[in-house]
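Residue numbers (UniProt numbering), protein chains in the order written: chain D, 1 to 460; chain X, 1 to 460.
Down below is the structure, laid out as structure tokens.
2 protein chains.
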Amino acid sequence: MTLAAGIAEFVVSTRDVPAEDLDVVARSVFDTVGAALAGATSPQGRIVGEHVRATAGPARCTVLGAGYRTDAASAAYANGTFAHSDDFDDMGGYGHPSAPLVPALLAVAEHLGTAASGRDLCVAHCLGFEVAAALCGGYDQYDRCFHSTPVFGVLGATCGVARLLGLSVEQTVAALAIAATEAAGLGRATGTMVKPLHAGQAARNAVVAGLLARQGATGSPAVFEARGGFLESFVGHRALDADALVARLGAPFRAARTLFVKRFPCCGSNHSAVSALLDLVRTHGIGADDVDEVVVHGMTETSPVLRYPSPADGCEAKFSIRYALAAVLVRGGLGVDDFRDERWADPPVVAAMEKVRGEVVSRWTTSGAHKRRGNPITVRLRDGRELTASVPRSDLVGGPKAPLPEDQLLGKFRDNARRSLPAESVAAAEKAWRAVESTPDVRTAIATVEGSGTWRRQAS
Amino acid sequence: MTLAAGIAEFVVSTRDVPAEDLDVVARSVFDTVGAALAGATSPQGRIVGEHVRATAGPARCTVLGAGYRTDAASAAYANGTFAHSDDFDDMGGYGHPSAPLVPALLAVAEHLGTAASGRDLCVAHCLGFEVAAALCGGYDQYDRCFHSTPVFGVLGATCGVARLLGLSVEQTVAALAIAATEAAGLGRATGTMVKPLHAGQAARNAVVAGLLARQGATGSPAVFEARGGFLESFVGHRALDADALVARLGAPFRAARTLFVKRFPCCGSNHSAVSALLDLVRTHGIGADDVDEVVVHGMTETSPVLRYPSPADGCEAKFSIRYALAAVLVRGGLGVDDFRDERWADPPVVAAMEKVRGEVVSRWTTSGAHKRRGNPITVRLRDGRELTASVPRSDLVGGPKAPLPEDQLLGKFRDNARRSLPAESVAAAEKAWRAVESTPDVRTAIATVEGSGTWRRQAS
Chain D
1 MTLAAGIAEF VVSTRDVPAE DLDVVARSVF DTVGAALAGA TSPQGRIVGE HVRATAGPAR
61 CTVLGAGYRT DAASAAYANG TFAHSDDFDD MGGYGHPSAP LVPALLAVAE HLGTAASGRD
121 LCVAHCLGFE VAAALCGGYD QYDRCFHSTP VFGVLGATCG VARLLGLSVE QTVAALAIAA
181 TEAAGLGRAT GTMVKPLHAG QAARNAVVAG LLARQGATGS PAVFEARGGF LESFVGHRAL
241 DADALVARLG APFRAARTLF VKRFPCCGSN HSAVSALLDL VRTHGIGADD VDEVVVHGMT
301 ETSPVLRYPS PADGCEAKFS IRYALAAVLV RGGLGVDDFR DERWADPPVV AAMEKVRGEV
361 VSRWTTSGAH KRRGNPITVR LRDGRELTAS VPRSDLVGGP KAPLPEDQLL GKFRDNARRS
421 LPAESVAAAE KAWRAVESTP DVRTAIATVE GSGTWRRQAS
Chain X
1 MTLAAGIAEF VVSTRDVPAE DLDVVARSVF DTVGAALAGA TSPQGRIVGE HVRATAGPAR
61 CTVLGAGYRT DAASAAYANG TFAHSDDFDD MGGYGHPSAP LVPALLAVAE HLGTAASGRD
121 LCVAHCLGFE VAAALCGGYD QYDRCFHSTP VFGVLGATCG VARLLGLSVE QTVAALAIAA
181 TEAAGLGRAT GTMVKPLHAG QAARNAVVAG LLARQGATGS PAVFEARGGF LESFVGHRAL
241 DADALVARLG APFRAARTLF VKRFPCCGSN HSAVSALLDL VRTHGIGADD VDEVVVHGMT
301 ETSPVLRYPS PADGCEAKFS IRYALAAVLV RGGLGVDDFR DERWADPPVV AAMEKVRGEV
361 VSRWTTSGAH KRRGNPITVR LRDGRELTAS VPRSDLVGGP KAPLPEDQLL GKFRDNARRS
421 LPAESVAAAE KAWRAVESTP DVRTAIATVE GSGTWRRQAS
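Below is the structure:
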């Protein structure tokens with residue numbers, strides 16, 4: 001059996017998914033819809049939303065918050081881009097799992113013409129995530145070239161699409177072969193408008209792959225392990241024990257122990273240090289004026305948040321540990337607005353950035369244990385005191401060990417949703433999506449986030 | 001100056017393109033339109049055409065031969081897939097140059113809303129081809145993993161789109177950054193329905209990249225040479241002399257000395273041996289019954305036409321030197337129909353395939369000179385005679401040294417076009433497209449190949 005066939009069998013035939021995994025997935029779906037409603041109003045969200053609107057096909061699938069519908073592939077492209085635009089969407093497994101998955105599944109749920117339940121959606125998400133996370137394995141996107149979110153995400157989304165479309169095993173294999181050949185996304189896109197497009201392209205390509213396979217398109221069943229196949233192309237070799245990988249799918253499921261809802265709308269590599277500094281700021285009531293220096297320990301040399309020590313726009317600011325910490329020092333928090341409207345150029349923040357210094361750990365002088373420790377910080381105050389704080393990655397709020405408290409999860413959704421939904425629609429959207437797992441027809445929930453698009457005509 | 005900026009400057013600022021290059025490009029445009037009109041009726045052409053029809057956006061851009069219009073990106077996707085479906089489209093530089101380029105340019109010509117002349121189209125093609133061919137350089141797609149047609153083709157098509165849209169240098173850089181991140185296409189797609197999709201995805205992605213850049217999307221100007229950029233991702237290193245590459249663009253132009261119009265609708269690696277055998281068959285009046293054995297010399301071990309010694313469908317048959325030569329022996333020629341309707345399973349041809357043997361040259365025992373020699377053949381006849389023939393690649397009919405004679409070029413177009421156009425439209429299409437270089441408005445020519453789509457309702 002080829003790897004594609006083993007994966008397809010898993011996607012088509014799995015009956016039971018544990019409730020704990022479905023619950024975690026349902027949170028991610030809820031959170032992703034919120035992230036997309038905010039991302040629609042980002043600079044690149046506006047450009048893509050306008051592009052898709054201008055070329056809209058049949059009014060079948062909703063572009064979130066934008067007040068119009070189009071064909072499934074285009075809706076997936078727009079919503080995927082929106083979901084990843086603020087880097088506020090969930091993490092785990094292969095980078096940003098839900099930004100390609102959820103938009104692809106929403107598009108299919110509306111494309112089907114019959115009711116897909118919220119449970120169907122969550123099961124499809126869970127299976128797709130499982131496959132992509134398994135394939136990604138130990139792939140290190142910062143050591144290699146390609147961004148893992150779209151490269152593995154298009155495969156996960158395709159599995160989810162195949163499940164929701166009810167494809168056969170053979171059709172699912174074909175869909176995987178079609179999707180794998182569009183796997184793409186350069187690491188260099190980090191810190192530019194192009195990175196959010198990665199989730200959009202993966203979502204769109206998954207939808208197209210599923211629909212073409214359903215219409216009879218075929219591809220190579222050996223698309224993963226063959227010469228010139230996915231594994232050789234993206235991992236660099238073909239030495240994979242396919243049977244072992246397939247045997248471990250869903251045994252146990254990875255969602256509940258992997259998915260991570262973000263607290264801050266910026267690269268996840270900021271989160272440990274930002275969490276630590278925020279603790280100190282709140283505990284000790286300190287601000288930028290009290291501080292001489294902030295040292296971030298344990299930065300890996302390939303860390304993406306070292307790339308932009310002096311960010312020139314909001315996209316770069318998301319990958320600047322100096323900006324993230326300076327903003328926390330000056331403003332006492334870090335939200336979507338901190339990466340919009342040139343707030344990265346505020347003189348007090350720019351001044352505070354001069355106080356932030358990263359301490360880089362070389363791969364040749366470490367056992368790798370520092371990765372688990374995250375990024376402890378040391379704050380040297382003007383009054384001579386020295387404060388330290390540390391939040392290991394495994395303890396980060398939003399992760400499996402410490403889920404985002406319900407009030408914060410809801411608050412995050414509301415603040416995201418209000419950016420593109422009329423104020424009076426936010427509560428209904430929150431109610432529908434927080435209960436997505438139990439809705440008999442996902443289209444009912446989607447109707448709450450169609451929006452009117454009036455914000456598009458306001459200043460950006 | 002970054003490589004992207006140097007390329008963009010060339011694309012935006014070049015004024016003069018030599019007439020000999022434009023003439024060769026005009027032939028390729030003509031030939032590509034014909035190939036697409038045939039490919040629309042192929043199995044995968046039908047599937048993609050139906051998918052695009054079902055999700056069609058505003059009726060602005062023509063899907064060739066299909067009788068409907070849609071948005072620019074979707075039309076480019078369909079037409080690109082059509083153009084590459086029979087592997088009958090042109091070759092040179094980076095695999096199949098015009099299958100992504102021409103559909104992208106046709107879509108933009110109709111999207112613009114103002115008249116683009118045939119000359120504008122040919123200049124845009126010439127510049128796009130120039131850039132992609134330069135970037136591809138010595139990339140060996142059979143030794144590496146990715147199929148060069150979409151990976152480099154999306155960049156060439158993006159340059160052409162940028163030129164036709166009239167983008168600025170900065171916008172062209174942005175378009176390249178967006179397109180580069182979608183560069184994709186697995187080598188393993190060879191011999192499956194997925195390979196033709198590569199041209200479609202490249203054409204679509206080029207159109208979207210150009211339109212998003214025009215609306216203000218931006219990307220990294222260092223997208224080629226940066227860590228995690230295009231060069232490292234696809235070539236494996238970043239050691240490229242960007243200034244030298246840019247300086248050689250258009251000095252001289254590559255089109256006239258590179259583009260190759262195909263005589264046979266199958267992988268170009270068949271062409272040398274097929275040409276040689278066809279010469280013998282016609283000169284000596286021999287057929288399959290007269291032959292004991294056909295030996296093909298100088299096959300490289302990575303040759304794609306060794307992949308399917310016993311093809312199971314038309315897609316595989318295009319990459320089977322055994323099938324191609326057996327079909328020539330039995331039928332005295334090789335046309336589009338030989339790869340349709342299960343003709344690869346005809347018992348006489350299957351029997352003749354047993355007589356064909358390839359002689360593989362290892363890379364460790366050759367100077368590489370055999371590549372220039374092409375694939376000489378030896379035919380051992382039942383009567384004891386031994387015939388030999390050889391057509392070096394550089395002498396192949398259709399290439400720069402021996403352009404396809406005008407009557408064959410026109411005959412090829414007619415046979416392709418009649419497959420999706422009503423019989424009475426073929427002459428007008430031929431007239432309009434053979435003179436594309438001098439048309440003041442490409443839309444006039446496109447109107448001749450819209451077709452009625454009636455063939456779609458007939459048996460496939």
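All residues carry an ideal CB built from backbone N, CA and C; glycine is no exception.
- Contacts between threonine 218 of chain X and chain D, judged by CB atoms closer than 7 Å, involve Thr192, Met193 in chain order.
- For the C-beta of leucine 106 of chain X, not a single chain D residue is nearer than 9 Å; the gap to the nearest is close to 16 Å.
- Taking one beta carbon from each stretch, the segment 205 to 215 of chain X and the segment 230 to 244 of chain X have fewer than 3 pairs nearer than 8 Å; the two do not touch.
- Taking a C-beta distance under 7 Å as the contact criterion, leucine 37 of chain D and asparagine 270 of chain D do not qualify as a contact pair.
- Taking 8 Å as the cut-off between beta carbons, the residues of the segment 219 to 253 of chain D near chain X are Gly219, Ser220, Ala222, Val223, Ala226, Arg227, Gly228, Gly229, Phe230, Glu232, Ser233, in sequence order.
- Among the bridge pairs identified by DSSP, tyrosine 308 of chain D is matched with none.
- With fewer than 16 other Cβ atoms inside 10 Å of its own Cβ, aspartate 243 of chain D counts as exposed.
- Annotation: the continuous alpha helix (DSSP H) that includes glycine 210 of chain D extends over 194 to 214.
- About 39 Å separates the CB atoms of glutamate 342 of chain D and glycine 118 of chain D; that is not less than 8 Å, and the two are not in contact.
- Using a Cβ-Cβ cut-off of 7 Å, cysteine 145 of chain D is close to Gly228, Glu232, Ser233 of chain X, given in chain order.
- Nearest CB-CB separation between aspartate 71 of chain X and chain D: below the 7 Å threshold.
- At a cut-off of 7 Å between beta-carbon atoms, glycine 187 of chain X makes contact with chain D.
- Nearest CB-CB separation between glutamate 301 of chain X and chain D: not below the 7 Å threshold.
- Using beta-carbon distances, alanine 183 of chain X counts as an interface residue toward chain D, with a partner under 7 Å.
- With respect to chain D, the C-beta atom of glutamine 171 of chain X has no partner C-beta closer than 7 Å.
- Residue-level contact check: threonine 62 of chain D does not touch chain X, since none of the beta carbons of chain X fall below 7 Å from its beta carbon.
- With 16 or more other Cβ atoms inside 10 Å of its own Cβ, arginine 46 of chain X counts as buried.
- Of all alpha-carbon atoms in X:Cys266, X:Arg188, X:Leu381, the one lying nearest the alpha-carbon of histidine 147 of chain X is that of X:Arg188.
- Excluding sequence positions up to five before and after arginine 282 of chain X, its CB lies less than 7 Å from no other CB in the same chain.
- In terms of CA proximity to arginine 27 of chain D, D:Asp89 leads the group D:Ala183, D:Pro347, D:Val17, D:Asp89.
- When the five nearest sequence neighbours on each side are left out, the beta carbons in the same chain lying within less than 8 Å of the beta carbon of alanine 59 of chain X are those of Tyr68, Arg69, Thr70, in order along the chain.
- Every unbroken stretch of the alpha helix (DSSP H) spanning 4 or more residues and falling wholly within the segment 299 to 362 of chain X is given here in chain order: 314 to 317, 321 to 331, 347 to 353.
- Interface residue (Cβ-Cβ distance to chain X less than 7 Å): threonine 2 of chain D is not classified as such.
- When D:Ala389, D:Ala239, D:Met193 are compared, the shortest CA-CA separation from alanine 217 of chain X is found for D:Met193.
- Inclusion of valine 33 of chain D and tryptophan 433 of chain D in the CB contact set at 7 Å is warranted, their separation being smaller than that value.
- Within the same chain, and ignoring the five residues on either side of valine 123 of chain D in sequence, the residues whose Cβ sits closer than 6 Å to its Cβ are Val17.
- The residue among X:Leu167, X:Gln171, X:Asp313, X:Phe152 with its C-alpha nearest the C-alpha of glycine 219 of chain D is X:Asp313.
- The C-alpha of alanine 162 of chain D lies about 21 Å from the C-alpha of alanine 445 of chain D.
- Excluding five sequence positions before and after valine 349 of chain X, the CB atoms of its chain that fall closer than 6 Å to its own CB belong to Ala326, Ala327, Val330, given in chain order.
- Distance from cysteine 126 of chain D to aspartate 21 of chain D at the Cβ level is roughly 5 Å; contact confirmed, criterion being Cβ atoms closer than 8 Å.
- Residue state for aspartate 279 of chain X is assigned as helix, using DSSP reduced to three classes.
- Excluding five sequence positions before and after alanine 209 of chain D, the CB atoms of its chain that fall closer than 6 Å to its own CB belong to Thr158, Ala175, Ile178, Ala179, given in chain order.
- Leucine 176 of chain D sits in a helix when the DSSP states are folded into three classes.
- Counting along the chain, the unbroken beta strand (DSSP E) around cysteine 61 of chain D starts and ends at 61 to 63.
- Residue-level contact check: isoleucine 47 of chain D touches chain X, since one or more beta carbons of chain X fall below 7 Å from its beta carbon.
- If you ignore the 5 residues before and after glutamate 225 of chain D, its C-beta comes within less than 7 Å of the C-beta of Thr2, Leu3, Leu231, Arg238, Leu240, Ala242, all in its own chain and listed in chain order.
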